[in-house]
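Colleague: Line by line, the protein sequences are chains A and B.
Going letter by letter, the first sequence gives residues 1 to 137 in my numbering.
Going letter by letter, the second sequence gives residues 1 to 137 in my numbering.
Every residue, glycine too, gets a C-beta built ideally from N, C-alpha and C.
Number of protein chains: 2
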Amino acid sequence: MKIGELSRATGTNIETIRYYERIGLLPEPARTAANYRSYGEAHRTRLAFVRHSRELGFTIEEVRSLLDLADHPERECSEADRIATRHLAQVEEKIGQLVTLRDELSRIIGRCRGGLAADCRVIEALGDHTMCNGDHE
Amino acid sequence: MKIGELSRATGTNIETIRYYERIGLLPEPARTAANYRSYGEAHRTRLAFVRHSRELGFTIEEVRSLLDLADHPERECSEADRIATRHLAQVEEKIGQLVTLRDELSRIIGRCRGGLAADCRVIEALGDHTMCNGDHE
DNA sequence: GCTTGACCCTGTAGTTGCTACAGGGTGCAT
DNA sequence: ATGCACCCTGTAGCAACTACAGGGTCAAGC
């Protein structure tokens with residue numbers, strides 16, 4: 001499989017594949033006589049693992065740890081569980097932040113009734129730093 | 001006000017303040033004889049506006065537009081409303097994505113009962129690219 | 001008067017996770 | 001032989017900061 005085929009097979013940008021190789025997430029593949037990268041099924045599987053992990057929001061370093069664990073099936077999987085659980089907590093925290101954000105944005109936008117910027121509630125609310133979160137630190 | 005005081009007054013990193021000045025979000029302040037930046041109340045207000053906008057997730061370019069509008073109170077505020085409304089839609093989309101993510105992560109983690117990585121459901125699930133989202137494109 | 005420490009300056013490079021060239025080589029069909 | 005699609009390396013760019021390195025300034029204390 002050449003890099004273009006692997007790209008299509010996994011929905012990964014070609015440049016991204018080469019990037020993953022450069023940072024050591026994917027092993028260097030064999031080369032053809034013309035110096036083209038030549039991939040096998042194992043590469044495809046590994047790249048799919050990486051892409052799926054990334055889509056779930058794991059950082060590159062977390063993916064590295066997860067891959068490392070996948071490469072050593074004799075180890076305990078508690079590390080994988082720990083990474084995933086911590087990540088879940090982060091996702092939940094982010095959701096909470098975004099919900100707060102959404103509410104504040106809705107509140108701000110709701111007050112806008114058009115007219116001149118001088119009277120704009122959106123701009124006014126942004127300039128007002130004594131916000132509803134009570135952050136008086 | 002020197003840059004350190006402005007930093008404390010707005011909860012903004014000093015380097016960030018200088019960065020904002022460099023990219024033209026904040027005007028260049030006057031300088032003391034020792035070439036120290038000297039800020040007034042208007043700077044503080046403007047920086048607070050920028051920080052608040054950034055906390056709400058507006059991009060720098062969006063903040064630039066909002067500031068521009070705040071600087072021209074004779075204009076219509078529909079642009080501000082448009083920016084904020086579009087941003088709200090993006091936040092809502094992001095929340096939806098993260099909720100999907102959270103559910104998938106929960107599902108994966110819920111199946112982990114410890115033991116060896118060889119049997120780890122987390123790692124198995126990451127490797128499995130035929131996921132529940134039915135993405136067969 | 002001299003040092004210590006906190007503060008300030010500029011300029012550049014690093015971060016994350018890619019993405020986009022520039023400038024070239026290869027392979028196959030017409 | 002001439003397109004064209006594909007591949008190669010290496011470097012630079014993106015957002016939005018953050019972190020130095022290497023220097024200057026200022027007030028307080030000995």
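1) With three or more beta-carbon pairs closer than 8 Å as the criterion, would you say the segment 2–18 of chain A touches the segment 44–54 of chain A?
2) Residues in the segment 77–91 of chain B with C-beta within 7 Å of chain A's C-beta atoms, listed in sequence order?
3) Any chance the segment 76–85 of chain A sits against the segment 62–78 of chain B, with 3 or more Cβ pairs inside 8 Å?
4) For Arg64/B, decide whether its Cβ has a neighbour in chain A, counting only Cβ atoms nearer than 9 Å.
5) So what does DSSP say about Ala33/B, is it helix, strand or coil?
6) How about Leu105/B and Val91/A: do their beta carbons lie closer than 9 Å?
7) Write down the C-beta distance between Ala84/A and Val122/B rounded to the nearest angstrom, noting that I regard them as a contact closer than 8 Å.
8) Using the Cα positions of Leu126/B and Leu25/A, report the straight-line distance between them to the nearest angstrom.
9) Chain B partners of Thr45/A, CB-CB under 8 Å?
10) Return no unless some Cβ of chain A is closer than 9 Å to the Cβ of Ala70/B.
11) In terms of residues, what are the limits of the alpha helix (DSSP H) holding Gly127/B?
12) What are the residues of the segment 92–106 of chain B that lie near chain A, defined by any Cβ-Cβ distance shorter than 8 Å?
13) From Ala70/B, Arg31/B and Arg51/B, pick the residue whose C-alpha is nearest to that of Tyr19/B; which is it?
14) Taking 9 Å as the CB-CB limit, is Ala34/B close to chain A?
15) Per DSSP, what kind of secondary structure is Glu79/A in: helix, strand or coil?
16) So Leu69/B packs on Phe58/B, CB below 8 Å; how close in whole Å?
17) Within the segment 11–61 of chain B, note down every full alpha helix (DSSP H) run reaching 4 residues or more, in order along the chain.
18) Under the three-state reduction of DSSP, which class applies to Leu6/B: helix, strand or coil?
19) Within the same chain, show all residues whose beta-carbon is closer than 6 Å to that of Met1/B, passing over the 5 residues directly before and after it, in chain order.
Modeller: In this structure, then:
1) The segment 2–18 of chain A makes contact with the segment 44–54 of chain A, as at least three CB pairs between them are under 8 Å.
2) Within the segment 77–91 of chain B, the qualifying residues are Cys77, Ser78, Ala80, Asp81, Ala84, Thr85, His87, Leu88 and Val91.
3) Flag = no, the segment 76–85 of chain A and the segment 62–78 of chain B do not touch.
4) Start at 1 with the first residue of the second sequence, and residue 64/B comes out as number 64. Not a single CB atom of chain A sits nearer than 9 Å to the CB of Arg64/B.
5) To locate residue 33/B, count along the second sequence from 1; it is residue 33. Taken through DSSP and simplified to helix, strand or coil, Ala33/B comes out as coil.
6) Position 105 of the second sequence, counting from 1, holds the residue named residue 105/B. Position 91 of the first sequence, counting from 1, holds the residue named residue 91/A. Against a cut-off of 9 Å, the Cβ pair of Val91/A and Leu105/B comes out as a contact.
7) Residue numbering aside, residue 84/A sits at position 84 when the first sequence is read from its first letter. Residue numbering aside, residue 122/B sits at position 122 when the second sequence is read from its first letter. About 5 Å separates the two Cβ atoms, so the contact holds.
8) On the second sequence, residue 126/B is found 126 positions in, with the first residue counted as 1. On the first sequence, residue 25/A is found 25 positions in, with the first residue counted as 1. Cα to Cα, Leu126/B sits roughly 15 Å from Leu25/A.
9) Sequence index remark: in the first sequence, residue 45/A carries index 45 (1-based). What Thr45/A touches in chain B, judged by beta-carbon distance under 8 Å, is Gly127, going in chain order.
10) Against the second sequence, residue 70/B aligns to sequence position 70. Judged by the 9 Å Cβ criterion, Ala70/B is in contact with chain A.
11) Counting from 1 along the second sequence, the entry for residue 127/B is found at position 127. That run of the alpha helix (DSSP H) goes Arg121 to Gly127.
12) Of all residues in the segment 92–106 of chain B, the ones placed with a Cβ closer than 8 Å to any Cβ belonging to chain A are Glu92, Lys94, Ile95, Leu98, Val99, Leu101, Arg102, Glu104, Leu105 and Ser106, in chain order.
13) Your numbering for residue 19/B matches position 19 in the second sequence. The shortest C-alpha separation from Tyr19/B is found at Arg51/B.
14) For the purposes of this step, residue 34/B is identified with residue 34 of the second sequence, where counting begins at 1. No - not a single Cβ of chain A is within 9 Å of the one on Ala34/B.
15) Along the first sequence, one-based indexing puts residue 79/A at 79. Glu79/A: helix per DSSP, three-state reduction.
16) Here residue 69/B refers to the residue found at position 69 when the second sequence is read from its first residue. Here residue 58/B refers to the residue found at position 58 when the second sequence is read from its first residue. With a contact defined as Cβ atoms closer than 8 Å, Leu69/B and Phe58/B miss out at about 12 Å.
17) Correct list: 14–22 and 41–55.
18) Within the second sequence, the letter at position 6 stands for residue 6/B. In the structure shown, Leu6/B adopts helical secondary structure according to DSSP, grouped into three states.
19) To locate residue 1/B, count along the second sequence from 1; it is residue 1. Excluding residues within five positions, the ones whose Cβ falls inside 6 Å are Tyr39.
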